[in-house]
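Q: In terms of the UniProt record's numbering, the sequence shown is residues 1 to 144.
Just so it is clear, CB atoms sit at the ideal spot from N, CA and C, and this is done for glycine as well.
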Amino acid sequence: MVLRRRVPTRPRRRRDRHGRGLRGPLLPASLPAARTRSERFDDLVLDAVELLERRWAEQLAGVEFAVEDVPPSDPAPWEDDVVPLGRLFPAHGDRPARVVLYRRPLETRADGEDLDDLVADVVVEQVAHLLDLPPEDVDPRYGE
């Protein structure tokens with residue numbers, strides 16, 4: 001049996017190809033600018049849903065709200081060459097009703113200025129379709 005003496009090794013420094021070392025985040029996570037566009041969009045949807053749930057809590061108890069980046073490439077039969085901003089999937093069997101909003105089409109349509117109003121209007125339209133009511137009855141601020 002041959003014993004070998006271990007040579008002490010230095011901890012290896014990890015550097016990028018320019019020798020500067022690892023970089024940290026540009027902004028601390030606690031600052032608002034550190035949030036991504038999709039996280040800010042999710043917050044807009046949650047705010048719109050919370051406003052409706054205050055008034056329609058019982059009717060919206062089992063409804064799921066979701067956000068997807070883009071709609072699927074196979075349009076529904078009633079969608080004629082129009083990019084949907086949101087869709088309602090009715091309850092089916094043991095699956096609850098689901099309202100889906102599409103982030104990229106909404107951001108494109110809003111041009112960044114009135115995105116929160118557009119998101120709120122689309123949520124109201126989908127909930128109105130679910131409850132079989134006019135959007136103005138679901139939320140009196142609809143369309144303002």
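Beta-carbon within less than 7 Å of GLY143's beta-carbon, same chain only, minus the 5 sequence neighbours each way: which residues are those?
A: The residue labelled residue 143 in the question sits at position 143 within the sequence shown. So the list reads ASP121, once near-sequence residues are dropped.
Q: Have a look at LEU60, ARG35, ASP69 and flag the residue whose alpha-carbon is nearest the alpha-carbon of THR108.
A: Indexing the sequence shown from 1 puts residue 108 at position 108. The candidate whose alpha carbon is nearest that of THR108 is ASP69.
Q: What are the boundary residues of the beta strand (DSSP E) that ARG37 is part of?
A: Stepping through the sequence shown from its first residue, residue 37 is reached at position 37. Not the beta strand (DSSP E): ARG37 falls in the alpha helix (DSSP H), residues 37-56.
Q: What is the rounded straight-line gap between the Cα of LEU85 and the Cα of VAL127?
A: Here residue 85 refers to the residue found at position 85 of the sequence shown. Here residue 127 refers to the residue found at position 127 of the sequence shown. Rounded to whole angstroms, LEU85 to VAL127 spans 14 Å at the Cα level.
Q: What does TYR102 pair with, by DSSP beta-bridge criteria?
A: Taking the first residue of the sequence shown as 1, we reach residue 102 at position 102. Answer by DSSP bridge pairing, in chain order: GLU68.
Q: For GLY139, is the classification buried or exposed, using 16 other Cβ atoms within 10 angstroms of its Cβ as the cut-off for buried?
A: As a working mapping, residue 139 is identified with position 139 in the sequence shown. For clarity, residue 139 is Asp in the given sequence; the question names Gly instead. Classification of ASP139: buried, given that the 10 Å Cβ count is 16 or more.
Q: Classify GLU87 as helix, strand or coil using the three-state DSSP reduction.
A: One-based indexing of the sequence shown puts residue 87 at position 87. In the sequence as presented, Glu is not what sits at residue 87; that position holds Arg. It is a strand residue.
Q: Using a 10 Å radius around the Cβ and a threshold of 16 neighbouring Cβ atoms, would you call ARG87 buried or exposed?
A: Translated into the one-based positions of the sequence shown, residue 87 becomes position 87. Counting Cβ neighbours within 10 Å, ARG87 comes out buried, since at least 16 surround it.
Q: Under 8 Å between the Cβ atoms of VAL124 and VAL45?
A: In the sequence shown, the residue the question calls residue 124 occupies position 124. In the sequence shown, the residue the question calls residue 45 occupies position 45. For VAL124 and VAL45, no; Cβs fall outside 8 Å.
Q: Since ASP137 is in the alpha helix (DSSP H), which residue starts that stretch and which ends it?
A: Residue numbering aside, residue 137 sits at position 137 when the sequence shown is read from its first letter. Unbroken alpha helix (DSSP H) run through ASP137: 135-138.
Q: According to DSSP, simplified to helix, strand and coil, what is ARG141?
A: Position 141 of the sequence shown holds residue 141. Three-state DSSP puts ARG141 in coil, outside helix and strand.
Q: Span of the alpha helix (DSSP H) holding ASP116?
A: Indexing the sequence shown from 1 puts residue 116 at position 116. Unbroken alpha helix (DSSP H) run through ASP116: 115-131.
Q: Excluding sequence positions up to five away, which residues of its chain have a Cβ less than 7 Å from the Cβ of GLN59?
A: As a position in the sequence shown, residue 59 is number 59, starting the count at 1. So the qualifying residues of the chain are LEU131.
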